Amino acid sequence: MALDIMGPEASEGLRTIVADGKLSDHELIEAAKNGDEDAFAEIVARYRNPITNFLYRFLNDYDEAVDLAQETFVRVYFAMDRYHTQFAFSTYIYRIATNLAISESRKRKRRKLLSLTGLFQTEDDSQVEFQPVDSRSLPDADLIEDEQSQTISRAIAALPEKYRVPIILRDVEGRSYDEIAAIMKLGLGTTKSRISRARALLKEKLNHYLK
Amino acid sequence: MKDEMNTNFSADADDQISGLIAGLPRVSAPADFDLRLRGRIARQRSAVNTGFRMPAALTYALGLGVVLVAFGLFGLAYIYSGKVGDVPEVTTAKTAPIITTAPPTMTTPSLPPTSNTVVPPQSALTASSEMPAARKPDTATVQTHMAANTVKATASPAPTVEAVADAALRTAKKICPAGIPCAEPNSTPEMSAQSPVDNPHDAKEVLAVLGVNAAFAGGKMLIGSVNAGSIAENAGLKAGDVVQSINDQAVNEGAKFAGSFKASVVRVLREGKVIGIAIGK
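Residue numbers (my numbering), protein chains in the order written: chain L, -18 to 192; chain D, 58 to 338.
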């Protein structure tokens, strides 16, 4: 793999092909492996928003979500030679993002154990990391959420990891059950069961929003 | 019918939950996402190309190794510092008070240093300074661990002295610390013809204390075996060694060692060479 994919000296031929926007993810990865910086840039352009959104819904922290989204692409970049096309690229990148998110979530739990604030949290809040109020202007207009959205976000973030990942992939990202099962390395039945359980847990918390 | 309604309600509620979640506003990556990503990749690339990164497992293993070595050295230092494996004294102090009768020197039982012994009135033990030199062998010496109060008392012939000493002991009040046995002052001390010094050990007993099983063979003290983990084994004594001396005192069949002493150097003949082995160092 060429190490100057993101550098200025791009291959003109491949840049033209990428510009068509018709290449599949696998073709883009192959092109990126062969040294096309625009191919990798196209991959980034396709997935940066979904991955950022997925991570944001998982962590309920925008800055951390952006940071982990970048880390996800860095890992894709440096592991491109080891990437096999037996899985959809989306499965591959969501799996990386999921692993990073779970790892980050566990780090937060460990930090929370060392924090005195953990002593005063209720059981219901135990899954949610305390986040101080961010007084800076929001980086994106889409982040402005009403009270209902914030309640739903907190309810999702409070779910156990094993339920949080599949419900976000299914209901936020719109991924198929098969793909979610592949991302989480679970059976289809288990995946469906977890999504169903996640919805049941959310129903208890969001009961007043249901008609 | 009821089940069907419940199922429908459940499916409806699931749809509503899905709708609520799907209705959440989507966030986008910031505008400088690509720029920051380029910088991040460039930094990691230069780190990969130029920097040597020690694998995490190796780092942990090295740390663990350092800790183990430190503990090992500490343990060895502790063992060889003498806190472990000190040579016990060979002593005959199992029996306590012994009063010799001929010569009439009397030694009171060894009392604990902290015991408050009330020494009998000096008047009972007449001053020895007035005693003729020729009479000194008949002097009865009363010793206590209140060394400053050691009084050499005299006087008269042996039976009288004994009687005085006995009387003094009977009237003495003793306060002994808890846990430390005190000799009963009013009891009559055991009489023996031997003093501790007169009851020495032979070489075999001395070596047995160190953990050596040895016996004379052909006039030589030959070590048959050394107890595992014993002081002797730690010091380096081995089966087959011929013990020549202990604390520079030659070992032979008639050799006797003082009743209370501490073996510090044992010289042995091993493979034709005489080796001095320090005990408990």
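Heads up, the beta-carbon is just placed ideally off N, CA and C, and yes, glycines get one too.
Nothing here was measured: the structure is a model prediction, and the numbers come from that model.
- Residue-level contact check: L/I77 does not touch chain D, since none of the beta carbons of chain D fall below 8 Å from its beta carbon.
- Of the candidates L/Y37, L/E11 and L/E18, L/Y37 places its Cα closest to the Cα of D/P82.
- The Cβ atoms of D/I288 and D/G337 sit closer than 8 Å to each other.
- Not flagged as an interface residue toward chain L: D/L92, since no C-beta distance is shorter than 8 Å.
- Where D/R327 is concerned, the enclosing beta strand (DSSP E) starts and stops at V322 to R327.
- When Cβ-Cβ separations below 8 Å define contact, D/A127 makes no contact with chain L.
- Contact note: D/A113 does not reach chain L at a C-beta cutoff of 8 Å; the least C-beta distance is about 14 Å.
- Burial check for D/H258: the Cβ neighbour count within 10 Å reaches 16 or more, so the residue is buried.
- L/K184 places its beta carbon less than 8 Å from that of D/A70.
- Around the beta-carbon of L/Q67, fewer than 16 other beta-carbon atoms lie within 10 Å, marking it exposed.
- According to the DSSP assignment, D/L279 belongs to the beta strand (DSSP E) that extends over K277 to V283.
- Among the residues facing chain D, L/R135 is not included, as its CB has no counterpart in that chain under 8 Å away.
- Taking 8 Å as the cut-off, the beta carbon of D/L92 is found no closer than this to the beta carbon of L/Q51.
- By the Cβ-count criterion, D/L125 is exposed, with fewer than 16 other Cβ atoms from all chains shown falling within 10 Å of its own Cβ.
- By a beta-carbon distance limit of 8 Å, D/V325 does not contact D/A335. Their separation comes to about 12 Å.
- D/L294 has a beta carbon lying at 8 Å or more from every beta carbon in chain L.
- Between L/D152 and chain D, the shortest Cβ-Cβ separation is below 8 Å.
- By the criterion of at least three beta-carbon pairs nearer than 8 Å, the stretch 135 to 150 of chain L is in contact with the stretch 167 to 176 of chain L.
- Secondary structure of D/K330 (DSSP, three-state): strand.
- Closest option to D/V283, judged by alpha-carbon separation, among D/L264, D/K277, D/F90 and D/F273: D/L264.
- Inter-residue distance for L/S134 and D/G132 is about 57 Å (C-alpha atoms, whole angstroms).
- Chain L has no Cβ within less than 8 Å of the Cβ of D/A104.
- Taken through DSSP and simplified to helix, strand or coil, D/F128 comes out as helix.
- Spatial neighbours of D/E310 in its own chain (CB-CB distance under 6 Å, excluding positions within 5 residues in sequence) are listed in chain order as F273.
- Scanning chain D for C-beta atoms nearer than 8 Å to the C-beta of L/V47 yields A86, P87 and F90, reported in chain order.
- An exposed status is given to D/P112, since fewer than 16 other beta-carbon atoms sit within 10 Å of its beta-carbon.
- For D/D259, the secondary structure class from DSSP, reduced to helix, strand or coil, is strand.
- For L/A26, the closest alpha carbon among the candidates L/R63, L/H189, L/D6 and L/D42 is that of L/D6.
- Against L/T33, the close residues of chain D are V84, S85 and A86, in the order they occur along the chain (beta-carbon pairs closer than 7 Å).
- Relative to L/I164, the option among L/N15, L/D48 and L/R76 whose CA is nearest is L/R76.
- L/N30 has its alpha-carbon roughly 20 Å from the corresponding atom of L/E8.
- Note that the C-beta distance between D/A86 and L/T33 is below 8 Å.
- Taking CB atoms only, L/A22 has a neighbour in chain D less than 8 Å away.
- Interface flag for D/I78 against chain L is set, since a Cβ pair is found closer than 8 Å.
- No Cβ of chain D is located within less than 8 Å of the beta carbon of L/S157.
- L/F35 is positioned such that its CB atom lies no closer than 8 Å to that of L/A69.
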